[in-house]
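Data block below; observations after.
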Amino acid sequence: MGLKNFRIVFDNQWSTYYPGQTVTGNIILGLDSIKKIRGINVTIKGEANTSWTVAKEGIPERDPERDLTTEESVFGEEKYFEAKYYLVGSASGGEIEIQSGEHKFPFTCSLPMNLPSSFESDFGHIRYTVKATLDRPWKFDQDVKCPFTVIAPLDLNQEPRAAESVQQEMSKTFCCLCCGSPPLTVIFSLPSRGYVPGQSIPIKINVDNLSNVIVNTIKLKLCKIVTYHATRTSNLMETTKNEEIVVTEISKGPVAAGGNDDYEQHLSIPPIPPSNLTNCSIIDLEYNLKVEACVEGWYHQNLSANTLIFVGTVPLSIYVPSAPPAGLDGDYAEQKSPAVGFVMPSANIALPPLPESNLYPNLRKFYTIVIFFFFFFFL
């Protein structure tokens with residue numbers, strides 16, 4: 015008994031900050047009786063970690079006659095900053111008494127400028143946390159930890175490739191015994207490579223199916239490509255792991271054999287982290303637009319191509335979409351696009367869920383706030 019409440023409350027209700035800002039808040043301590051402690055300290059830090067298992071080099075995967083572990087863990091680690099200090103008491107001081115009731119102990123920490131954005135996945139993360147500790151002499155310490163989110167701004171106007179237009183062609187023939195069919199050709203284009211959450215990518219599609227194979231669907235996928243870096247514990251050699259995750263997807267079809275189709279679709283950008291985790295050397299992040307023509311028949315391979323997409327926090331100032339996304343209500347469709355090219359999603363369009371661990375419940379919430387912030391600021 016004695017300890018009723020021990021928690022961390024940020025002054026920023028969203029627990030979200032930019033590099034260079036100051037994190038402030040209070041450690042809330044509630045007691046129902048007098049408590050003796052050495053002090054209360056707070057630790058604020060930012061770090062990145064990667065880990066997974068790989069097969070050991072030089073050992074067969076199966077060796078029934080020898081009891082050998084055939085896998086080993088690999089790890090990567092980076093520390094960006096750590097600040098630790100006592101809010102009351104000290105590490106070398108004597109016991110102090112905290113009276114019953116609720117107590118608030120304010121904390122503050124200025125974030126460094128060159129921090130990567132928060133990131134969560136199964137094989138790695140970039141995390142920022144505040145931990146408060148009740149330092150108790152001759153007893154186990156009591157801790158409470160709370161995460162906060164850091165977003166490193168990415169201005170698409172500072173990325174030269176973000177304003178590039180894209181036009182790409184892919185073609186394929188299908189064999190039947192010894193004869194080849196006329197080609198299936200798909201051409202897709204988009205006005206730029208750079209977008210922010212809340213915008214839609216207008217993608218023009220031209221399908222010229224001269225073959226005798228039906229195209230069931232043309233799929234448009236926004237894929238998140240993550241590369242993790244780690245070091246083997248056995249020989250200290252670096253190893254990497256790649257992961258591809260479909261963030262959002264739309265499709266249309268079919269296109270008959272000998273037929274053609276020409277149309278435009280809008281792929282909405284959901285709340286997702288910005289491209290390129292700058293200042294993190296163990297996790298790389300980029301996005302690709304994948305266009306895939308899915309054809310009929312298990313014996314035929316689909317036709318597909320990828321192109322690089324940049325997701326930022328500040329939209330391009332030169333890009334205005336050619337049309338609003340399909341499904342917008344009439345009131346919104348009449349609004350003019352802001353000069354910077356930022357497009358708000360309609361209130362009746364649900365955003366896809368953002369994968370996140372329980373440690374960062376505010377990460378998706380923040381990206382939604384970013385959408386509204388840029389809409390009202392630039393409009």
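Be aware that the sequence shown starts at 15, since it is given in my numbering, and climbs by one per residue. Built from N, CA and C at the ideal position, the CB exists for glycine as well.
Based on the DSSP secondary-structure assignment, which residues constitute the bridge partners of residue i?
i	result
Gly267	Looking at the DSSP assignment, Gly267 forms no beta bridge with any residue, so it has no partner.
Gly115	Leu45
Ala244	Thr253
Tyr301	Lys238 and Ile323
Met184	Val200
Ile54	Val102 and Leu148
Asn26	According to DSSP, which records beta bridges pairwise, Asn26 is partnered with nothing at all.
Ser214	Ser282
Excluding five sequence neighbours on each side, which residues of the same chain lie with their C-beta closer than 6 Å to the C-beta of residue i?
i	result
Asn226	Ser195 and Ala271
Asp298	Thr241
Ile296	Ala62, Thr64, Gly90, Glu92 and His243
Val144	Ile22, Ile58 and Cys160
Pro366	Residue placement at Pro366 is flagged as unreliable, the pLDDT there being 32, under the threshold of 50; the coordinate-derived value follows with that caveat. Only Thr262 and Pro284 meet the Cβ criterion.
Cys123	Val37, Ile58 and Ala97
Tell me which same chain residues have a C-beta within less than 8 Å of the C-beta of residue i, skipping the five on either side of it?
i	result
Gln27	none
Ile110	Lys50, Ile51, Arg52, Gly53, Val102 and Gly103
Leu317	Met184, Ser185, Lys186, Leu198, Val200, Glu306, Ala307 and Val309
Asn249	Glu71
I need the DSSP call for residue i, collapsed to helix, strand or coil.
i	result
Leu45	strand
Thr36	strand
Ser120	The residue you asked about is not Ser; residue 120 is Pro in the sequence shown. Correct three-state label for Pro120: strand.
Asn230	strand
Gln315	coil
Pro339	Residue placement at Pro339 is flagged as unreliable, the pLDDT there being 40, under the threshold of 50; the coordinate-derived value follows with that caveat. Three-state result, Pro339: coil.
Arg207	coil
Ala97	strand
Pro307	The sequence given here places Ala at residue 307; Pro does not occur at that position. If DSSP states are grouped into helix, strand and coil, Ala307 belongs with the strands.
Leu125	coil
Ala166	coil
Ala364	For Ala364, the predicted structure reports a pLDDT of 32, less than 50, and the residue's modelled location is therefore unreliable. The matter cannot be settled from this model.
Asn7	The question about residue 7 has no answer, for the chain in this structure spans 15 to 393.
Since I believe residue j is in contact with residue i (beta carbons under 8 Å), could you give me their beta-carbon distance rounded to a whole number of angstroms?
i	j	result
Pro268	Val305	That pair is no contact at about 16 Å.
Arg141	Val180	Arg141 to Val180, Cβ: 35 Å. No contact.
By Cβ distance, which residues of its chain are closer than 7 Å to residue i, with the 5 residues on each side in sequence left out?
i	result
Gly273	Asn223
Pro197	Ser185, Lys186, Thr187, Leu224 and Ser225
Pro126	Pro33, Tyr94 and Phe95
Flag residue i as yes if its beta-carbon sits less than 9 Å from any beta-carbon of chain C, otherwise no.
i	result
Asn171	This model lacks chain C altogether; it includes just one protein chain.
Using 8 Å as the cut-off, can you tell me whether the region 145-158 makes contact with the region 301-316, which would need three or more C-beta pairs spanning the two stretches below that distance?
no
Counting pairs of Cβ atoms below 8 Å between the region 125-133 and the region 153-165, do you hit three or more?
yes
Between the region 110-120 and the region 40-57, can you find at least three pairs of beta-carbon atoms closer than 8 Å?
yes
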